[in-house]
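**Q** Quick note: the sequence shown, position 57, residue 57 per this note's numbering, numbers continuous.
One structure coming up, written as structure tokens, with questions to follow.
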Amino acid sequence: MLRPRIKECYDVIPEAVDRYQIRSSEETTVMKGATVQQVFSHLLPLLDGRNTEDTITEKLASVASAALVHAVIEKLRAAGVVEEAATDPANGDSQGLSAEELAAYRHQLVFLDLTLERGSAVQAQLLLKKARLSIVGSGELAAALAREAIRAGVGRILGANLQPGNSISQIGPLVSSLVSFEAIGVETGDQQDLENLLDAESPTLLAIAIDRGEPVLLEAINKFSQSRNVALLHCVANGTQAIVGPLVVPGQTACLTCYRLRVNSHVEFYEEQRAFEAWVKSNGHRRATPGTPPALANMAAAMAALEIIKHVTEVYEPEIYDRFISIDALTLEVISHQLLKLPRCPDCGGGRSSIRYSSWQEPR
1 MLRPRIKECY
11 DVIPEAVDRY
21 QIRSSEETTV
31 MKGATVQQVF
41 SHLLPLLDGR
51 NTEDTITEKL
61 ASVASAALVH
71 AVIEKLRAAG
81 VVEEAATDPA
91 NGDSQGLSAE
101 ELAAYRHQLV
111 FLDLTLERGS
121 AVQAQLLLKK
131 ARLSIVGSGE
141 LAAALAREAI
151 RAGVGRILGA
161 NLQPGNSISQ
171 IGPLVSSLVS
181 FEAIGVETGD
191 QQDLENLLDA
201 ESPTLLAIAI
211 DRGEPVLLEA
221 INKFSQSRNV
231 ALLHCVANGT
241 QAIVGPLVVP
251 GQTACLTCYR
261 LRVNSHVEFY
271 EEQRAFEAWV
281 KSNGHRRATP
291 GTPPALANMA
301 AAMAALEIIK
311 HVTEVYEPEI
321 YDRFISIDAL
331 TLEVISHQLL
341 KLPRCPDCGG
351 GRSSIRYSSW
361 QEPR
């Protein structure tokens with residue numbers, strides 16, 4: 001039985017006997033007129049999720065007809081002001097979230113309510129619950145992203161830790177009982193071991209979160225994403241700058257090889273960059289210690305987590321489809337950069353298999 005209630009994201013402010021203001025952080029609606037004066041002032045206290053519509057109409061029988069009461073409730077429902085409460089509030093939402101989950105994700109559910117154009121916040125949260133995120137990386141950024149994913153309610157999180165003993169392995173005590181988290185050590189140079197691990201995990205979303213340039217890892221993860229048709233989020237924090245994005249959707253958006261080639265073509269010392277990447281790829285070298293302050297890693301991880309929420313729930317289009325965001329730790333400047341797909345990218349470009357006479361014919 002339906003138990004309507006005013007959504008938590010709304011304040012209802014009486015301005016006059018025939019005028020009410022309904023306000024959220026995003027919008028303000030004004031209700032006014034004779035029906036508001038006759039019905040709404042009496043109806044409002046009953047829209048608390050404890051009364052069925054039939055009970056409400058019975059309690060307001062002396063005020064208005066059942067048809068009029070139902071019409072007002074339906075209008076509020078259509079405007080997105082009213083939602084259906086749990087059939088049994090003590091047992092959680094009847095759509096699939098437990099009472100514990102409703103409490104844990106209460107503020108996020110309000111956020112989803114504010115931004116969703118269709119569907120319900122609970123349904124969106126359930127999509128996060130069903131998601132399987134594999135985070136490849138180690139250090140502050142990977143650990144921060146894992147923590148944010150846990151708090152967002154991503155149902156299954158795997159930390160493929162390239163350096164056992166580092167931060168991502170040490171967040172076990174922070175794991176919520178509402179999600180599944182596991183950290184597994186993978187040797188830096190063992191690409192086959194990493195591929196086997198990810199194949200066994202079958203993630204619905206991949207993320208690479210690193211604290212320095214790792215060209216070999218980027219190539220391996222990008223190829224895995226493209227060949228398995230799994231979306232891939234890229235983020236890196238190193239020194240004074242962090243990068244969030246791109247979020248690669250295979251067959252639709254620019255991949256990490258597009259990203260690497262585009263970015264390298266704009267570096268000041270191109271030959272030196274190529275020499276550095278070749279040196280890293282040769283393995284066996286002692287690498288410099290990453291200089292990533294936790295605050296910068298947390299900032300980048302929080303932005304990445306928001307993009308994950310948007311991607312999984314489709315509440316809003318992620319900013320980092322075909323884009324990436326740079327964050328400067330010193331100036332706090334945040335810039336969104338466009339990333340164009342390379343027509344002849346060796347990993348995602350369709351132009352290598354056929355002749356294209358016009359750029360706009362290039363398949364995405």
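Each residue gets a CB set at the ideal place from its N, CA and C atoms; glycine is no exception.
It should be emphasised that the depicted structure is a prediction, and the values quoted were computed from it without experimental measurement.
How many Å lie between residue 201 and residue 140 at the Cα?
**A** One C-alpha to the other measures close to 23 angstroms.
**Q** Report the rounded CA-to-CA distance for residue 349 versus residue 190, giving the unit in angstroms.
**A** Going from the Cα of residue 349 to the Cα of residue 190 covers about 27 angstroms.
**Q** Thinking C-beta only, is residue 144 closer than 8 angstroms to residue 297?
**A** Yes, these two residues count as a Cβ contact at 8 angstroms.
**Q** Taking the alpha-carbon positions, what's the residue 103 to residue 113 distance?
**A** Between residue 103 and residue 113, the C-alpha separation is close to 15 angstroms.
**Q** Exposed or buried, what is residue 20 when buried is set at 16 or more other beta-carbons lying within 10 Å of its beta-carbon?
**A** Residue 20 should be labelled buried.
**Q** Check whether the Cβ atoms of residue 365 and residue 323 lie closer than 8 angstroms to each other.
**A** The first residue shown for the chain is 1 and the last is 364, placing residue 365 beyond what the model contains.
**Q** Under 8 angstroms, with one C-beta from each stretch per pair, do the stretch 248-262 and the stretch 211-225 reach the 3-pair mark?
**A** In short, these stretches touch, since the Cβ pair count reaches three.
**Q** Where do the ends of the beta strand (DSSP E) carrying residue 235 lie?
**A** Here the beta strand (DSSP E) through residue 235 covers 231-238.
**Q** Which stretch, first to last residue, makes up the beta strand (DSSP E) that contains residue 36?
**A** Element bounds for residue 36: n/a, residue is neither H nor E.
**Q** Check whether the stretch 277-290 and the stretch 298-308 are in contact - that is, three or more C-beta pairs closer than 8 angstroms.
**A** Contact between the stretch 277-290 and the stretch 298-308 is absent, because fewer than three Cβ pairs lie under 8 angstroms.
**Q** Return the Cβ separation of residue 207 and residue 135 in integer angstroms, given the expectation that the two are a contact with Cβ distance under 8 angstroms.
**A** With 8 angstroms as the limit, residue 207 and residue 135 qualify as a contact, their Cβ atoms being about 5 angstroms apart.
**Q** Would you decide whether residue 335 is buried or exposed? Buried here means 16 or more other CB atoms lie within 10 Å of its CB.
**A** So residue 335 counts as exposed.
**Q** Give the C-beta separation of residue 2 and residue 52 to the nearest angstrom, bearing in mind that I take them to be a contact with Cβ-Cβ under 8 angstroms.
**A** Their Cβ separation, rounded to whole angstroms, is 6 angstroms, which keeps residue 2 and residue 52 in contact under 8 angstroms.
**Q** Compare the Cα-Cα distances from residue 11 to each of 18, 5, 23 and report the closest residue.
**A** Nearest C-alpha to residue 11: 23.
**Q** Just reading off the alpha helix (DSSP H) that residue 270 is part of, what are its end residues?
**A** Residues 270-281.
**Q** Per the contact definition of three or more C-beta pairs closer than 8 angstroms, is the stretch 316-331 in contact with the stretch 239-253?
**A** These segments touch.
**Q** Between 251, 236, 252, 107, which lies nearest to residue 260 when the distance is taken from Cα to Cα?
**A** Taking only the C-alpha atoms, the option nearest residue 260 is 236.
**Q** Quick one: what's got a C-beta closer than 8 angstroms to residue 267's C-beta in the same chain, skipping five residues either side?
**A** Cβ within range, chain order: 273.
**Q** Which runs of the beta strand (DSSP E), 3 residues or longer, sit entirely within the stretch 99-140?
**A** With a minimum length of 3 residues, the continuous beta strand (DSSP E) runs that stay inside the stretch 99-140 are 132-137.
**Q** Work out the CA separation of residue 45 and residue 319 for me, nearest whole Å.
**A** Their Cα atoms are separated by approximately 40 angstroms.
**Q** In the structure shown, what three-state DSSP assignment does residue 337 receive?
**A** Strand, per DSSP.
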